[in-house]
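Report on the following structure.
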Amino acid sequence: MFLEISNLRKTFGTYTAVQHFDMKIDRGEFISFLGPSGCGKTTTLRMVAGFETPTEGMIRIGNRDITGLRPNQRKIGMVFQSYALFPNMTVADNVAFGLKVARRPGAEIAQRVEEMLKLIGLPQLGDRYPFQLSGGQQQRVALARALAPKPQVLLLDEPLSALDAKIRVSLREEIRAVQRELGITTIYVTHDQEEALSMSDRIVVMNEGRVEQIGTPFEIYNLPRTRFVASFVGTLNILQARVLDGPAGRVAVDDQEIVVATGLSGATTGETCSLALRPEAIRIDQPAPGGNRLQGSIEEVSFLGSVVRVRVRFDRNSVSIDTFNNPGITLPERGRPVTISFARDDLVVLQQAPG
Amino acid sequence: MTQADEVVPLPTLTARPRMSMPSWAWLGTAPFFLFALLFLILPTAYLLVGAFQDVEGHFTLENLANLSQPSIVSAYRISLQVSAASALGGAVVGSLLASAVVFGGLPRWIRPTVVTFSGVASNFAGIPLAFAFLATLGRAGLVTTLLITVFDFNIYSAGFNLLSFWGLVITYLYFQIPLMVLILLPALEGLKREWREASEILGASRWQYWSWVAFPIIWPSLLGSTLLLFANAFGAIATAYGLTGSSLNIVPILLYAQIRGDVLHNPNLGYALALGMVVITGLSNLAYMVLRRRSERWMR
Amino acid sequence: MNRSRLGAWLSFAIGALYFLVPLIATMEFAMRIRRGQYTFDAFQIVLTDARFQATFTYSTLVALATIAVGTLLVVPTAYWVRLRLPHLRPVVEFITLLPLVIPAIVIVFGYLRMYNSSSLVPLTDTDLGTDILLTFGYATLALPYMYRSVDAGLQAIDIHTLTEAAENLGARWPTILFRIILPNIRVAVLSGALLTFAIVIGEFTLASLLNRPAFGPYLQLIGANRAYEPAALAIIAFAITWACMGLIQLFARQTQTAPAR
């Protein structure tokens, strides 16, 4: 365990931005803080950086308690959403800044700058000024600048939000590659679930100052623990069901009975519960033995290119199903009655509050 | 560039006479250019050309040479000194005030109050301002009498006089400082918070941030606005006139007396005076614009 | 952090003192006119002075004329430059900056030489001619502020789309300018007008050298001859300037709270 955040809490007057943040991060891990605007992810990051003082809690790097240290004493690198390159300095001077502050000898600085520029793939641009660079180039320089003084931890605050979609994809792969090569512990804040899923070793999903779930991308996507995580990450169908037999996992969705493989321990009969079901787990008109079945009618068909999205309505519940486009088969028509099926263990029981 | 260029004309509407549009535009701006020509450019040019002519209209450099008269040289010297002193004073105090508003962590209502008041104060120049300072620091002024009654200190017997060089400078500061604040506030606010944070996380102290990042970014604005203040003071006359009548020998007052009564006994010399003024204010403003363009390039 | 906040408060306090004390002193001086007591008699004397009323009225009328001239010149120009003649923009902006560079005294000197009795357009021969000259002179002095204000206002509304829409509906340019563009930049024009008013009311140099019975020369006359009344006049002048600026802020804030979408 390298970076430990314990019991972190931040209030601004009566408003609680971060409620109870607790996490242990290993050396070299790539962690994402994922959540909507205002969920507290940036505030938590800024507390690690030292720009906000925690109301309660502690942050340790290695064996050192850094909670009381000023940002310039923490040996942490940070990349900002707006790049924040110093406009009066060239690219080389920007990258050299941290080393110059640390009073490293000139030859060492020059060599390190060259090294970093090569690492980010812009060895020729040392003499340019930030206003002469594109957004993507500026962000890479910002990364080089943050990494040049060999920090212990790297923090990135939504670094790709200000960039075009195409550049975002290529740049995030570059960032991950650089991080892997250097093996530096990294925290990455984003509201884009695709970024978080594709880049991270573990993801922290946050909402309204609370940690909803911490897990690997696989766990977050396939085994969401709360309704918020399920709906925020990927598209998910949520069924409101009435419990018939908790331990046996029998529930009724709009008066049709299905079975939940994991069972619902502790649920009383008649209670309502929320079940999550991924669109890709559902089949139309292809009943599988031993699986769940629901009868409904087709409400809407959307042709999205490679994917056809079909919405099937039961009574109060409805599900969205994604199937691959197949030119050989005609699209189903609206209003047609249909049976959908899915396995018993495809259903995930959602908790109202984080576990 | 505009969407208009890509619009396909709708077939159902009557064809608009697109050809006449450009000529409408030229016609629309013609009054403006005519006005500028008649009431700004030509009158000034008339004077500037006249500075190089003698009474009969022949080309001569004699007027410029005559500027070296002791009274005129003295007028320019005092003008330059008053302008420089009030510009520097306004720059220093204005910077401190603007910094206090932007970085001082003061309550949010301070900024709009300061901006409004600065707008008013910078326009308060002229005769009323002279009256206000007479009522404050004049022989019978409030501050003068307060200092006598409370501290037993008579500034006039200590050598101060409002109707003098320093009195004028102090009075000029009343509109110079607000002008500096108005120009500097947006410039200081342009210093992005992220630059400060980025430098801090890279290990820099506050001092290092200011000397390596913030000051290099902001000095063109500082210098440029000081030059603007300088030009502003150099061309001002009403305040000085209200304060000292025509007794203080500064260039605008000299020119005023010359226009009124040809005190120099040579009308073309008046043109040369005007030329000198325009050259000085013109150069200052030019430098200001160059510096501003430079700093704007970085702030993108 | 606390040390810098103390410094900030100190700077603010000293600044406030420097700017408020002269106003307080002026007010106090004006009220000292009757020995031994504070009265507003100085104000009363000033406001009932026939010359005050005459010169103030004169200056107000000239100000209104200047505002009209300024608006009619600036609004179409700024509009056309933005819409059709963007390459003229640097030229126009340079012209609008000239009055800030060339001192007013130089400008009026030029007028006196160019438009005196022996020239083609002897404006200074007649009172009306001189009044016209004064108005155009003030329009020149106010040009930078008027243009900046109107230009900012035009930038805030999408004039390209508005014009296109109006043209599609069959409007010709006078209609577009006066019934569509102008109402939408009301606040900007008003700000420019108020600034112009503030400039014209107290202006001294042009009025004095052109020998017009304006408020500025009247102020100077009173200052040369009286003791307490000038202070009252200064307070009145300050109040007028403050009213103009305050109104500008008020109108600006109104547009922010009531977006016209």
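Residue numbers (the working numbering), protein chains in the order written: chain F, 1 to 355; chain E, 1 to 300; chain C, 1 to 261. Positions of the beta carbon are idealized from the N, C-alpha and C atoms, including for glycine.
- For residue 114/C, the secondary structure class from DSSP, reduced to helix, strand or coil, is helix.
- Contact annotation for residue 179/C against chain E: no contact, minimum CB-CB distance about 16 Å [criterion: below 8 Å].
- Put simply, the CB of residue 189/F is far from chain E, with every gap to its CB atoms at 8 Å or more.
- Per the coordinates, the alpha-carbon of residue 114/C lies some 17 Å from the alpha-carbon of residue 207/C.
- Closer than 8 Å at the C-beta level to chain F, one finds these residues of the stretch 177-209 of chain E: 192, 194, 195, 197, 198, 199, 200, 201, 202, 203, 204, 205 and 208.
- Contact annotation: residue 41/F and residue 229/F have beta-carbon atoms that are not nearer than 8 Å.
- Beyond the five residues adjoining it in sequence on each side, residue 220/F comes within less than 7 Å, by CB distance, of 203, 205, 213, 229 and 233 in the same chain, given in chain order.
- For residue 110/F, there are no CB contacts under 7 Å within the same chain when 5 residues up- and downstream are skipped.
- No Cβ of chain F is located within less than 8 Å of the beta carbon of residue 294/E.
- The beta-bridge partner set that DSSP reports for residue 24/F consists of 4/F.
- Counting every other CB atom within 10 Å of its CB across the protein chains shown gives residue 12/C a total of 16 or more, marking it as buried.
- Taken in chain order, the members of the stretch 211-242 of chain E whose beta-carbon sits within less than 8 Å of a beta-carbon on chain F are 212, 213, 216 and 217.
- The beta-carbon distance between residue 240/F and residue 269/F, rounded to whole angstroms, is 16 Å. This is too long to meet the 8 Å contact definition.
- Exclusion of the five residues before and after residue 84/E leaves 230 as the residues of its chain whose Cβ lies within less than 7 Å of its Cβ.
- Taking a Cβ-Cβ cut-off of 7 Å, the neighbours of residue 49/F in chain E comprise 201, given in sequence order.
- At a cut-off of 8 Å, the C-beta of residue 97/F has a neighbouring C-beta in chain E.
- When Cβ-Cβ separations below 8 Å define contact, residue 92/E makes no contact with chain C.
- The C-alpha of residue 190/C is placed about 14 Å away from the C-alpha of residue 181/C.
- Under the rule that a run must span 4 or more residues, the alpha helix (DSSP H) segments found entirely inside the stretch 208-277 of chain E read 215-235, 238-244 and 251-261.
- Counting every other CB atom within 10 Å of its CB across the protein chains shown gives residue 20/C a total below 16, marking it as exposed.
- Distance from the CA of residue 80/E to the CA of residue 281/E, rounded to the nearest whole angstrom, comes to 11 Å.
- The alpha carbon of residue 116/F has as its nearest neighbour, out of 223/F, 105/F, 211/F and 146/F, the alpha carbon of 146/F.
- Straight-line spacing of the CA atoms in residue 25/F and residue 163/F works out to 29 Å.
- In the three-state reduction of the DSSP assignment, residue 140/C falls in the helix class.
- In the assembly as shown, residue 333/F is an exposed residue. Its beta-carbon has fewer than 16 other beta-carbons within 10 Å.
- Burial state of residue 183/C is exposed, judged by a 10 Å Cβ sphere holding fewer than 16 other Cβ atoms.
- Per DSSP, the unbroken alpha helix (DSSP H) holding residue 112/F starts and ends at 106-119.
- Residue nearest to residue 57/F within the set 4/F, 13/F and 250/F is 4/F (criterion: CA-CA distance).
- Residues of the stretch 17-47 of chain C whose Cβ lies closer than 8 Å to any Cβ of chain E, in chain order: 18, 19, 21, 22, 23, 24, 25, 26, 28, 29 and 30.
- Setting aside the 5 residues that flank it on each side, residue 30/E has no residue in the same chain whose C-beta is closer than 6 Å to its C-beta.
- With a threshold of 8 Å between beta carbons, residue 108/E makes no contact with chain F.
- Going by beta carbons, residue 95/C and residue 25/E fall outside the 8 Å limit.
- DSSP, read as helix, strand or coil, puts residue 136/E in helix.
- In this model, residue 62/C and residue 158/F are separated by some 58 Å (Cα to Cα).
- Those residues of the stretch 90-122 of chain F placed with their C-beta closer than 7 Å to a C-beta in chain E are 97, 98, 101 and 102, ordered along the chain.
- Spatial neighbours of residue 238/E in its own chain (CB-CB distance under 6 Å, excluding positions within 5 residues in sequence) are listed in chain order as 126 and 127.
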